[in-house]
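Q:
In our numbering, the protein residues as written are 907 to 1456.
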């Protein structure tokens, strides 16, 4: 028996003490200051205003009059420093092609793997975890080895994960019927019929996890490109997840809530708008095995997936230029020329390359490429808007009947609840905690939700957030010191009905004249780290035959 005191064991013992010390901190009004505190903060992420300049290029023409005279010549230009763009650059760099340039609209890298920091901790602004990958995803496993996230392999070839990157216990809790329960699947106070339906549904999902199509491929896989093309599974894409549940006679309100929560969590849309294929994929595509972790284990960091973005860029940080918005791309037999707007200096620059990788979403590509070169209809590419808030509190959110977990969700809340950005910290005493609150704006169409989100004031948003949190933390308002917000107008691609199996989606990844190449998670149809990583590596492998070692 291994008696080594692991970080996970230490955390569990520490939490037992914290429960005794702080067990009443949010549950007893008497110990809280009744005076309403002043909450500071603001709405961040105003660069959507810069991005929206693509809709009115006449404004940008004024910057052309202030040309810096700078002309950059480079064999490969990569537009976008999200996970796809960074993954493509990593692959090229490892293959010996180190003469490239990455540019990004923002003043930082990572795309929706963005992060912030205050005096207490780093915290994510969007993507915040990576489930342990499927063991067949060798490229991703190699990347994790490179950065000591995987420390080795056991005698059976199973990866050994660094415990400091595995999400520590306790991981998840659900506020249901006035109390917290362990795990997110409804369990407390529900009927036997509800329990049976939940059990039957999970058994069905496990059945799909083990199935293979007539082509010998897994019915559901990550990346999606490796999954079976069997028509019996493709047909699931043309019905909604809600209809799938109805067809299988699932009507438990708790099961329906849970599946809807999962669709909103991974896709930003409701189960009514999510294709059944995507809905099942959430449950059936992961089969990762490890020496020291369960299949459902996740890797996480205080700053979320920005940790992975920085790891991807380790070897080529000097090749990245931020605050640079590409506004136009043209090409001929001699190469590609991109016009870019340096919004920090308010000047335009020219970038000449032999080839370009657009690691940008389709709604951006359609603005910067000549209309006659657009090979697809972008109407089917729908993007789910989100609001994310990072909330600093001065009392630990522990109730009488549970510990603060990494993921904290309330049944029937409009939000997805919050994660604790300070969860992985066990090395020091904390006097403040940062809660990262997620709200997919799935109550309206994406266009309407985006407009509403941008028009709402900071005060309006903070009041909505606090009202939601008060439904399961009655005294939270008195503990909040700061709330900062970020609106993601096009947060992630939405796998709506028919999109994953559409020819339109497949066509979008085809290069143009072996000059313009595409890499983004919207080409997969599901916005998760593994798909972005796959798209970056795919496009790098596609472009490599056209390159000479530099």
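Heads up, the beta-carbon is just placed ideally off N, CA and C, and yes, glycines get one too.
Everything numeric in this text was worked out from a predicted model, so none of it was measured.
#1: For the candidate residues 1110, 1050 and 1383, whose alpha-carbon lies nearest to that of residue 1303?
#2: Within 8 Å, do at least three Cβ pairs link the region 1126 to 1133 to the region 1181 to 1200?
#3: By DSSP, does residue 939 sit in helix, in strand, or in coil?
#4: Note the first and the last residue of the continuous alpha helix (DSSP H) segment covering residue 977.
#5: Tell me the rounded alpha-carbon separation between residue 1457 and residue 1206.
#6: With 16 as the cutoff for other CB atoms within 10 Å, does residue 997 come out buried or exposed?
#7: Are the beta-carbon atoms of residue 1245 and residue 1400 separated by less than 9 Å?
#8: Out of curiosity, what's the CA-to-CA distance linking residue 1058 and residue 1078?
#9: Please state the DSSP three-state secondary structure of residue 853.
#10: Along the alpha helix (DSSP H) that carries residue 1439, what are the first and last residues, could you check?
#11: Pick out the complete beta strand (DSSP E) segments inside the region 1036 to 1095, 3 residues or longer, and give them in chain order.
#12: Could you tell me the boundaries of the beta strand (DSSP E) in which residue 1234 lies?
#13: Can you list, in chain order, the residues of its chain with a C-beta nearer than 8 Å to that of residue 925? Leave out the 5 residues immediately preceding and following it.
#14: If you compare alpha carbons, which of 1169, 999 and 1408 is closest to residue 1222?
#15: Comparing C-alpha positions only, which one of 1453, 1162, 1033 and 1454 sits nearest to residue 1213?
#16: Any idea what DSSP makes of residue 1124, helix, strand or coil?
#17: Whole angstroms is fine: what's the gap from residue 1317's alpha carbon to residue 1080's?
#18: Among residues of its own chain, excluding the 5 on either side of residue 1053, which ones have a beta-carbon nearer than 6 Å to its beta-carbon?
#19: Assuming residue 1065 and residue 1265 are in contact, meaning their beta carbons sit under 8 Å apart, how far apart are those beta carbons, in whole angstroms?
#20: DSSP on residue 946, reduced to helix/strand/coil?
#21: When we look at the beta-carbon of residue 1143 and count the other beta-carbons within 10 Å, is it buried (16 or more) or exposed?
#22: If you run the structure through DSSP and keep just helix, strand and coil, what is residue 1152?
#23: What's the gap between the Cα of residue 1296 and the Cα of residue 1159?
#24: Does residue 1262 pass the burial test, meaning 16 or more other C-beta atoms within 10 Å, or should it be called exposed?
#25: Starting from the N-terminal side, write out each stretch of the alpha helix (DSSP H) that is 4 residues or longer and does not extend beyond the region 1253 to 1331.
#26: Where does residue 1403 land, buried or exposed, given buried means 16+ other C-beta within 10 angstroms?
#27: Using a Cβ-Cβ distance under 9 Å, would residue 1081 count as near chain C?
#28: In the DSSP assignment, find the unbroken alpha helix (DSSP H) run with residue 1427 in it and report its ends.
#29: Determine, using beta carbons only, whether residue 1338 and residue 1026 come nearer to each other than 9 Å.
#30: Taking the alpha-carbon positions, what's the residue 1372 to residue 1251 distance?
#31: Going by the DSSP bridge assignment, what does residue 1000 pair with across the sheet?
#32: Please tell me whether, using a cut-off of 8 Å, the distance from the CB of residue 1297 to the nearest non-hydrogen atom of the ligand ATP is below it.
#33: Compute the Euclidean distance between the alpha carbons of residue 1167 and residue 1175, then round it to the nearest angstrom.
#34: Contact between the region 1267 to 1287 and the region 1409 to 1419: three or more CB pairs below 8 Å?
#35: If we count the other Cβ atoms within 10 Å of its Cβ and call it buried at 16 or more, is residue 1436 buried or exposed?
#36: Taking the C-alpha atoms as reference points, what is the distance between residue 928 and residue 1325?
A: From the atom records:
#1: Among 1110, 1050 and 1383, the Cα nearest to that of residue 1303 is on 1383.
#2: Cβ pair count under 8 Å is three or more, so yes.
#3: Interpretation of residue 939 is limited by its pLDDT of 43, a score under 50 that renders its predicted location unreliable; the figure taken from the coordinates is listed afterwards. Coil at residue 939, not helix or strand.
#4: For residue 977, no alpha helix (DSSP H) run applies; the uninterrupted beta strand (DSSP E) run containing it begins and ends at 977 to 985, by DSSP.
#5: Residue 1457 is absent from the structure shown; the chain starts at 907 and stops at 1456.
#6: Flag for residue 997 reads buried.
#7: No.
#8: The C-alpha of residue 1058 lies about 28 Å from the C-alpha of residue 1078.
#9: For residue 853 there is no data in the structure shown, the boundaries of the chain being 907 and 1456.
#10: Residues 1435 to 1449.
#11: Counting whole runs of 3 or more residues, the region 1036 to 1095 contains the beta strand (DSSP E) stretches 1056 to 1059, 1065 to 1067, 1078 to 1082 and 1085 to 1088.
#12: Note, residue 1234: beta strand (DSSP E), 1230 to 1238.
#13: Reliability fails at residue 925, whose pLDDT of 40 lies under 50, so the model's placement of it is uncertain and the value that follows must be treated cautiously. Answer for residue 925: 1304 and 1309, listed in chain order.
#14: If we check each option's Cα against that of residue 1222, 999 comes out closest.
#15: Ranking the options by Cα distance to residue 1213, first place goes to 1033.
#16: The three-state secondary structure of residue 1124, taken from DSSP, is strand.
#17: Between residue 1317 and residue 1080, the C-alpha separation is close to 7 Å.
#18: By the criterion of a C-beta distance shorter than 6 Å, residue 1053 is surrounded in its chain by 1217, once the five residues flanking it on both sides are discounted.
#19: With 8 Å as the limit, residue 1065 and residue 1265 do not qualify as a contact, their Cβ atoms being about 28 Å apart.
#20: Assignment of residue 946 by DSSP, reduced to helix, strand and coil, places it in the strand class.
#21: With 16 or more other Cβ atoms within 10 Å, it is buried.
#22: Looking at residue 1152 - three-state DSSP - the assignment turns out to be helix.
#23: Separation of residue 1296 and residue 1159 (C-alpha to C-alpha, rounded to the nearest whole angstrom) is 31 Å.
#24: Note on residue 1262: 16 or more other CB atoms within 10 angstroms of its CB, so buried under the neighbour-count rule.
#25: The region 1253 to 1331 contains these whole alpha helix (DSSP H) runs: 1268 to 1274.
#26: Residue 1403 sits buried, since 16 or more C-beta atoms from the chains shown fall within 10 Å of its C-beta.
#27: This model lacks chain C altogether, as it is built from one protein chain only.
#28: Where residue 1427 is concerned, there is no enclosing alpha helix (DSSP H), given that its DSSP letter is neither H nor E.
#29: Yes, these two residues count as a Cβ contact at 9 Å.
#30: Near 39 Å, if we compare the C-alpha coordinates of residue 1251 and residue 1372.
#31: In the DSSP assignment, residue 1000 forms no beta bridge with any residue.
#32: The ligand ATP is not among the ligands present in this structure, which contains no ligands whatsoever.
#33: The straight-line gap separating the alpha-carbon atoms of residue 1167 and residue 1175 is approximately 9 Å.
#34: Short answer: they touch.
#35: Residue 1436 should be labelled buried.
#36: Note that residue 928 scores a pLDDT of 35, beneath 50, so its modelled location is shaky and nothing firm can be said.
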